[in-house]
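J.: Numbering (this note's numbering), first residue to last: 1 to 160. Can you read through this structure? Questions will come right after.
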Amino acid sequence: MKSNQDQKSYTVKEATIKLMQYCAYRDRSHKEVEEKLREMRMIPAAQEQIIIQLMQEDFLNEERFARNFVRGKFRIKKWGRIKIKQELKAREISAPIIKLAFSEIEEKDYQKTLYEVAEKKLRLIKESDPFKKRKKLADFLLRKGYESNFVYEAVSSLIP
(Lines of atoms letter the chains of each structure in order from A and count residues from 1; the text may use other names and numbers.)
(Lines give C-alpha, C1' and ligand atoms only; values in the text may rest on other atoms or scores of the structure.)
Protein backbone atom coordinates (compact mmCIF):
# COMPACT_ATOMS: atom_id res chain seq x y z
CA MET A 1 0.00 0.00 0.00
CA LYS A 2 1.39 3.35 -1.05
CA SER A 3 1.38 6.20 1.40
CA ASN A 4 0.11 9.60 0.30
CA GLN A 5 3.69 10.91 -0.07
CA ASP A 6 4.59 8.08 -2.48
CA GLN A 7 1.66 8.69 -4.82
CA LYS A 8 2.42 10.74 -7.94
CA SER A 9 0.53 13.96 -8.46
CA TYR A 10 -0.50 14.94 -11.96
CA THR A 11 -1.01 18.24 -13.73
CA VAL A 12 -4.29 18.57 -15.66
CA LYS A 13 -2.34 18.17 -18.92
CA GLU A 14 -0.53 15.01 -17.71
CA ALA A 15 -3.75 13.53 -16.39
CA THR A 16 -5.57 14.33 -19.65
CA ILE A 17 -2.86 12.59 -21.72
CA LYS A 18 -2.90 9.59 -19.38
CA LEU A 19 -6.71 9.36 -19.61
CA MET A 20 -6.59 9.69 -23.41
CA GLN A 21 -4.28 6.66 -23.51
CA TYR A 22 -6.55 4.85 -21.03
CA CYS A 23 -9.61 5.49 -23.25
CA ALA A 24 -7.75 4.77 -26.51
CA TYR A 25 -6.77 1.29 -25.29
CA ARG A 26 -10.46 0.30 -25.16
CA ASP A 27 -13.77 2.12 -24.80
CA ARG A 28 -14.49 3.18 -21.22
CA SER A 29 -17.63 4.23 -19.41
CA HIS A 30 -17.86 7.60 -17.66
CA LYS A 31 -17.83 5.74 -14.35
CA GLU A 32 -14.49 4.03 -15.15
CA VAL A 33 -12.93 7.36 -16.15
CA GLU A 34 -14.25 9.07 -13.00
CA GLU A 35 -12.81 6.26 -10.84
CA LYS A 36 -9.45 6.59 -12.59
CA LEU A 37 -9.45 10.35 -11.98
CA ARG A 38 -10.25 9.79 -8.29
CA GLU A 39 -7.37 7.28 -8.07
CA MET A 40 -5.14 9.99 -9.55
CA ARG A 41 -6.43 12.31 -6.78
CA MET A 42 -7.58 15.00 -9.22
CA ILE A 43 -9.79 17.75 -7.79
CA PRO A 44 -13.45 17.82 -8.97
CA ALA A 45 -12.94 20.92 -11.16
CA ALA A 46 -10.02 19.23 -12.96
CA GLN A 47 -11.99 15.98 -13.28
CA GLU A 48 -14.84 17.82 -14.97
CA GLN A 49 -12.48 19.70 -17.30
CA ILE A 50 -10.71 16.46 -18.32
CA ILE A 51 -13.99 14.57 -18.89
CA ILE A 52 -15.33 17.39 -21.08
CA GLN A 53 -12.14 17.38 -23.16
CA LEU A 54 -12.23 13.58 -23.52
CA MET A 55 -15.83 13.80 -24.74
CA GLN A 56 -15.12 16.68 -27.14
CA GLU A 57 -12.20 14.78 -28.67
CA ASP A 58 -14.28 11.56 -28.81
CA PHE A 59 -12.08 9.57 -26.44
CA LEU A 60 -15.09 9.15 -24.17
CA ASN A 61 -18.38 8.23 -25.80
CA GLU A 62 -21.00 6.49 -23.67
CA GLU A 63 -23.10 5.27 -26.61
CA ARG A 64 -20.07 3.77 -28.39
CA PHE A 65 -18.99 2.13 -25.12
CA ALA A 66 -22.45 0.63 -24.59
CA ARG A 67 -22.74 -0.63 -28.19
CA ASN A 68 -19.30 -2.27 -28.05
CA PHE A 69 -20.06 -3.74 -24.62
CA VAL A 70 -23.33 -5.27 -25.85
CA ARG A 71 -21.69 -6.65 -29.00
CA GLY A 72 -18.74 -8.10 -27.11
CA LYS A 73 -20.63 -9.71 -24.25
CA PHE A 74 -23.19 -11.20 -26.63
CA ARG A 75 -20.84 -12.45 -29.36
CA ILE A 76 -17.89 -13.50 -27.23
CA LYS A 77 -19.32 -14.43 -23.82
CA LYS A 78 -22.75 -15.36 -25.22
CA TRP A 79 -24.58 -13.49 -22.47
CA GLY A 80 -28.31 -12.85 -22.63
CA ARG A 81 -29.96 -9.42 -22.57
CA ILE A 82 -30.77 -9.49 -18.84
CA LYS A 83 -27.16 -10.01 -17.74
CA ILE A 84 -25.84 -7.45 -20.24
CA LYS A 85 -28.41 -4.88 -19.06
CA GLN A 86 -27.48 -5.47 -15.39
CA GLU A 87 -23.80 -4.97 -16.19
CA LEU A 88 -24.48 -1.75 -18.11
CA LYS A 89 -26.61 -0.44 -15.22
CA ALA A 90 -23.78 -1.27 -12.80
CA ARG A 91 -21.58 0.94 -15.01
CA GLU A 92 -24.20 3.71 -14.66
CA ILE A 93 -25.20 3.73 -18.34
CA SER A 94 -28.58 5.46 -18.86
CA ALA A 95 -31.67 3.51 -19.93
CA PRO A 96 -32.03 5.28 -23.33
CA ILE A 97 -28.41 4.45 -24.22
CA ILE A 98 -28.88 0.84 -23.08
CA LYS A 99 -31.96 0.58 -25.30
CA LEU A 100 -30.01 2.02 -28.23
CA ALA A 101 -27.09 -0.36 -27.62
CA PHE A 102 -29.37 -3.41 -27.79
CA SER A 103 -29.99 -2.64 -31.47
CA GLU A 104 -26.58 -4.30 -31.94
CA ILE A 105 -28.22 -7.72 -31.36
CA GLU A 106 -30.34 -9.13 -34.18
CA GLU A 107 -33.29 -11.16 -32.90
CA LYS A 108 -32.51 -14.16 -35.13
CA ASP A 109 -28.87 -14.16 -33.91
CA TYR A 110 -30.09 -13.95 -30.32
CA GLN A 111 -32.35 -16.99 -30.72
CA LYS A 112 -29.68 -18.92 -32.65
CA THR A 113 -27.05 -18.19 -29.96
CA LEU A 114 -29.43 -19.22 -27.18
CA TYR A 115 -30.00 -22.60 -28.87
CA GLU A 116 -26.27 -23.09 -29.57
CA VAL A 117 -25.40 -22.36 -25.92
CA ALA A 118 -28.22 -24.66 -24.75
CA GLU A 119 -27.19 -27.54 -27.02
CA LYS A 120 -23.53 -27.24 -25.99
CA LYS A 121 -24.44 -27.24 -22.28
CA LEU A 122 -26.89 -30.10 -22.74
CA ARG A 123 -24.07 -32.34 -24.05
CA LEU A 124 -22.13 -31.64 -20.84
CA ILE A 125 -24.95 -32.40 -18.40
CA LYS A 126 -24.42 -35.89 -16.98
CA GLU A 127 -27.93 -36.49 -15.72
CA SER A 128 -30.34 -39.28 -16.71
CA ASP A 129 -33.49 -37.91 -15.06
CA PRO A 130 -35.09 -35.66 -17.73
CA PHE A 131 -36.66 -33.40 -15.05
CA LYS A 132 -33.30 -32.74 -13.37
CA LYS A 133 -31.66 -32.34 -16.78
CA ARG A 134 -34.25 -29.72 -17.78
CA LYS A 135 -33.77 -27.86 -14.50
CA LYS A 136 -29.97 -27.81 -14.79
CA LEU A 137 -30.14 -26.53 -18.36
CA ALA A 138 -32.77 -23.88 -17.54
CA ASP A 139 -30.82 -22.67 -14.48
CA PHE A 140 -27.65 -22.39 -16.57
CA LEU A 141 -29.38 -20.37 -19.31
CA LEU A 142 -31.05 -18.08 -16.77
CA ARG A 143 -27.65 -17.41 -15.14
CA LYS A 144 -26.30 -16.50 -18.60
CA GLY A 145 -28.95 -13.79 -18.64
CA TYR A 146 -31.51 -15.12 -21.09
CA GLU A 147 -35.19 -14.28 -20.60
CA SER A 148 -37.23 -17.02 -18.93
CA ASN A 149 -39.79 -17.35 -21.74
CA PHE A 150 -36.99 -18.01 -24.27
CA VAL A 151 -35.20 -20.35 -21.87
CA TYR A 152 -38.24 -22.54 -21.18
CA GLU A 153 -39.11 -22.64 -24.86
CA ALA A 154 -35.56 -23.78 -25.74
CA VAL A 155 -35.40 -26.31 -22.90
CA SER A 156 -38.74 -27.92 -23.78
CA SER A 157 -37.76 -28.18 -27.46
CA LEU A 158 -34.36 -29.76 -26.63
CA ILE A 159 -35.54 -32.11 -23.85
CA PRO A 160 -39.06 -33.32 -24.72
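All C-beta atoms in this analysis are idealised placements derived from N, C-alpha and C, irrespective of residue type, glycine included. Because the structure is a prediction, the values reported are computed rather than measured.
(1) Looking at the structure shown, is ILE43 part of a helix, part of a strand, or coil, going by DSSP?
(2) Among GLU127, ILE76, GLN53 and ALA15, whose alpha-carbon lies nearest the alpha-carbon of ILE105?
(3) Please state the DSSP three-state secondary structure of ARG64.
(4) Give the straight-line distance between the Cα atoms of LEU114 and ALA154, rounded to the nearest whole angstrom.
(5) Comparing alpha-carbon positions, which option in VAL12, LYS13 and LYS36 lies nearest CYS23?
(6) Helix, strand or coil, according to DSSP, for ASP109 in the structure here?
(7) Rounded to the nearest angstrom, how far is the Cβ of HIS30 from that of GLU62, given a contact under 8 Å?
(8) In whole angstroms, what separates the C-alpha of GLU39 from that of PHE69?
(9) Tell me which residues share the same chain as LEU142 and place their Cβ nearer than 7 Å to its Cβ, disregarding the 5 neighbours each side in the sequence.
(10) Going straight from the alpha carbon of LEU100 to that of GLN111, what length do you get?
(11) Output yes or no for whether 9 Å exceeds the beta carbon distance between ILE84 and LYS73.
T.: Working from what's here:
(1) Looking up residue 43 in the sequence shown gives position 43. For ILE43, the secondary structure class from DSSP, reduced to helix, strand or coil, is coil.
(2) Here residue 105 corresponds to residue number 105 of the sequence shown, with the count starting at 1. Comparing Cα positions, the closest option is ILE76.
(3) Here residue 64 refers to the residue found at position 64 of the sequence shown. In the structure shown, ARG64 sits in a helix (DSSP, three-state: H, G or I).
(4) As a first step, residue 114 must be located in the sequence shown, where it is residue number 114. As a first step, residue 154 must be located in the sequence shown, where it is residue number 154. Approximately 8 Å, taken between the alpha carbons.
(5) Position 23 of the sequence shown, counted from the start, is the residue given in the question as residue 23. For CYS23, the nearest C-alpha among the options comes from LYS36.
(6) Position 109 of the sequence shown, counted from the first residue, corresponds to residue 109. The answer is helix: DSSP assigns ASP109 an H, G or I state.
(7) As a first step, residue 30 is located in the sequence shown; it is residue number 30 there, counting from the start. As a first step, residue 62 is located in the sequence shown; it is residue number 62 there, counting from the start. With a Cβ gap of about 6 Å, HIS30 and GLU62 count as contacting.
(8) On the sequence shown, residue 39 is found 39 positions in, with the first residue counted as 1. On the sequence shown, residue 69 is found 69 positions in, with the first residue counted as 1. Straight across, the Cα-Cα distance linking GLU39 with PHE69 is about 24 Å.
(9) By 1-based counting over the sequence shown, the position of residue 142 is 142. The answer, listed in chain order, is SER148 and VAL151.
(10) For the purposes of this step, residue 100 is taken as residue 100 along the sequence shown, with counting starting at 1. For the purposes of this step, residue 111 is taken as residue 111 along the sequence shown, with counting starting at 1. Distance between the alpha carbons of LEU100 and GLN111: 19 Å.
(11) As a first step, residue 84 must be located in the sequence shown, where it is residue number 84. As a first step, residue 73 must be located in the sequence shown, where it is residue number 73. The answer is yes: Cβ separation under 9 Å.
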